[in-house]
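Protein chains in written order, with the working numbering: chain E, 1103 to 1145; chain H, 750 to 995; chain W, 27 to 251. Glycine residues also receive a C-beta, built at the ideal position from the N, C-alpha and C atoms. Computed from a prediction, not measured in an experiment: that's the story for all the values here. Accompanying notes for the structure given below.
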Amino acid sequence: MNWYLFSGYAVFWGLVFLYVLYIHRKQSKLNRDLQVLADQLED
Amino acid sequence: MQQSATKYPELATAAKWLRAAWWLEIPLLLAFLVALWGAFVYAPTERVMGEVQRIFYFHVGSAAVAFFAFFIVFIAGILYLVRRNVVWDQLAATSVEVGVVFTTIVLTTGPIWAKPVWNTWFPWGDPRVMTTLVLWLIYMAYLILRSSLPEGDKKYKFCAVFGIIGFIDVPIVWMSIRWWRTIHPVVITSEGANLEPRMSQALLMAIAACMLSLAVLTLLRGAMRLNQLVVDRMAQDVIDSKRSVA
Amino acid sequence: MNALRLIGILAAKDLRIEYRSRHAFLTTLFFALLILIIFNFAFDPGNQSIKDAAPGILWVSLLFPGVIQLNRSFQSEREEGTLYGLILAPIDRGVLFFGKFLANFFLLALVDLFVLGSFFIFYNLTFSTRLGWLFLLMLLVGIVFSSVGTLFAAMVSSVRARDVLLPILLFPILVPVVIAAVNATREVLGTGELEFFWQWLRLLVASDVVFIAGSFLVFDYVVEE
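Here's what the structure looks like:
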């Protein structure tokens, strides 16, 4: 087992995953804001 | 709805970007599978470095993506200053974000590969390593600048200016480190000098996969930024209209 | 009125303000002196290692006070609201840039002279024409420092965290200049031939041209309201 190779790829996928997670959280915030906006428009 | 489309033109752009990202998702998946196959199966094992050398493909792929992303920041910055269209600024901001992620990948996979091969985590003095490090510093500074300015045209202008100055610094960084290295000779030799054809083909696959992921991530995140911008502006408009009624 | 005179008037205005509130500038000089001395304690004075570290110490003791100096150039304009006056004045933005640049460059050159003098004494240097080359290096770095610095100082002047933000923006950009300056200084302080010195000098001149042109071109966008 080549640990260096393994950790290299783990870092690559880990960081990409973290960035996608970050984008996902931004999307949830956007959805929340959208909900607030829709509520405001209703009344 | 017709009215909002003309009032908030960014909505149409965001929708276009989302559609483009949707079309690229399947090619992205395929490209990554091909690239992984290329890196682990197709490419032969390097004779001297051994299996570790297989980090190389995605390491260099990420580096290519990062440099290209920062080039987009430069171009989008100029376009923003000339056209004053907020879409260019959001594109620049998104490219910086994705570029920093990939630069971080380069700077972390680099030491992992360098330790077993060169017996050092961080080869100070190698022009590629140092230029990448300086790029990371410059664009982290961009993100810090961005987060400390209030929303508005001024913020977009300042960020565009910093993106332009940062990018014209890159060739000077490269030259200075090249000369520095000729004075303090470094034992490390160039790793990409003569690649075997199958290795360079695998490298091309990895670069293509990383470029596609740059495109998809930038389009998704950029569309998200544009939508957030419109939502914030709409909320402000709602508040304003209520105030004028009252 | 021609542009050169206007630049002179603007720079003179800044320098007059600095002269009238001279305690601020003197504090900057004192800070530079302090850094030089602190490094001497940190590196065990009299040791050979301090000789090797000397070029780096010299440039660090110029960069940090320099940033503080730069930050002041737009601070009072912002606080007193005089920046609007300058923007509304019927002058080209380029004139405004070069006026600010010249004032900052002059003040920085004064800091350079002071640091060079202290360095001369602390590091037991001898008089030679090489000191002239060292001062030339300082001026060339000063051009990059004050051109990009003026641009960035104008950008961060409205931000509350400007004292931290300016070095964060400026130092990564200055990396190549610092590399060139430190290596050229090492040759000047050594006793050998000035072998690579001219190469570093060329790099510094090239970056002077690039950064003055770049900052001048984008300065318009930074000060418009």
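Asked	Found
Please report the distance separating the alpha-carbon of A792 of chain H from that of V849 of chain H.	28 Å
What is the residue span of the alpha helix (DSSP H) that A770 of chain H lies within?	759-786
DSSP three-state label for G799 of chain H, please.	strand
Pick helix, strand or coil for D78 of chain W, following the three-state DSSP scheme.	helix
I'd like the list of long-range same chain contacts for A206 of chain W, defined as Cβ closer than 7 Å, with 5 residues on each side in sequence excluded.	W226, L229, L230
Going by Cα to Cα distance, which pick from W:L32, W:S172, W:F223 is closest to L160 of chain W?	W:F223
Count the other C-beta atoms from every protein chain shown that fall within 10 angstroms of the C-beta of D70 of chain W, then say buried if there are 16 or more, exposed otherwise.	exposed
Count the other CB atoms within 10 Å of the CB of F67 of chain W; is the residue buried (16 or more) or exposed (fewer)?	exposed
Are the CB atoms of F805 of chain H and L963 of chain H nearer to each other than 8 Å?	no
Mind reading off the beta-carbon distance from S99 of chain W to D40 of chain W? Whole number of angstroms is fine, and I expect it under 8 Å.	7 Å
Measuring CA to CA, which of W:N97, W:I76, W:P81, W:F57 is closest to V204 of chain W?	W:P81
Could you list which residues in chain H have their beta carbon closer than 8 Å to that of Q225 of chain W, in chain order?	W928
Run through DSSP, which three-state label would V170 of chain W get?	helix
Just to confirm before moving on: does the CB-CB distance between H808 of chain H and V855 of chain H stay below 8 Å?	yes
Can you tell me whether DSSP reads A890 of chain H as helix, strand or coil?	helix
When burial is assigned at 16 or more other CB atoms within 10 Å of the CB, is G218 of chain W buried or exposed?	exposed
Using beta-carbon positions only, say whether V93 of chain W and V910 of chain H come within less than 8 Å of one another.	no
Among W:L196, W:V214, W:G240, whose alpha-carbon lies nearest the alpha-carbon of S154 of chain W?	W:V214
Is V195 of chain W buried or exposed, if buried means 16 or more other CB atoms sit within 10 Å of its CB?	Looking at the sequence provided, one finds Leu at residue 195 of chain W rather than Val. The residue in question, L195 of chain W, is buried, as its Cβ has 16 or more Cβ neighbours within 10 Å.
S233 of chain W: which of W:A58, W:V201, W:R119, W:L96 sits nearest, CA to CA?	W:V201
Do the CB positions of E846 of chain H and R970 of chain H come within less than 8 Å of each other?	yes
What does W862 of chain H reach in chain E if we use C-beta pairs closer than 9 Å?	Y1106, L1107, G1110
Assuming contact is defined by CB atoms lying nearer than 8 Å, are S897 of chain H and L191 of chain W in contact in what I supplied?	yes
Three or more C-beta pairs closer than 8 Å, one from the stretch 160-179 of chain W and one from the stretch 118-135 of chain W: is that the case here?	yes
Where does V185 of chain W fall in DSSP's three states?	coil
Which same chain residues end up closer than 8 Å to R930 of chain H when comparing Cβ atoms and leaving out the 5 residues on each side of it in sequence?	G874, D875, P876
Exposed or buried, which one is G1116 of chain E when buried takes at least 16 other CB atoms within 10 Å?	exposed
Nearest to A841 of chain H by alpha carbon, out of H:V797, H:A813, H:L892?	H:L892
Output needed in chain order: residues of the stretch 899-921 of chain H with a Cβ under 9 Å from some Cβ in chain W.	P899, K903, K906, F907, A909, V910, F911, I913, I914, G915, I917, D918, P920, I921
Does R803 of chain H pass the burial test, meaning 16 or more other C-beta atoms within 10 Å, or should it be called exposed?	buried
Report all residues from its chain with a CB closer than 7 Å to the CB of S173 of chain W; omit the five preceding and five following residues, and keep chain order.	F127, F237, I238, S241
Among the residues of its own chain, which have a CB less than 6 Å from the CB of A812 of chain H, if the five just before and after it don't count?	V855
Cα separation between A984 of chain H and V835 of chain H?	18 Å
May I ask which residues mark the beginning and end of the alpha helix (DSSP H) holding E846 of chain H?	835-867
Straight-line CA distance for Q1129 of chain E to L1123 of chain E?	10 Å
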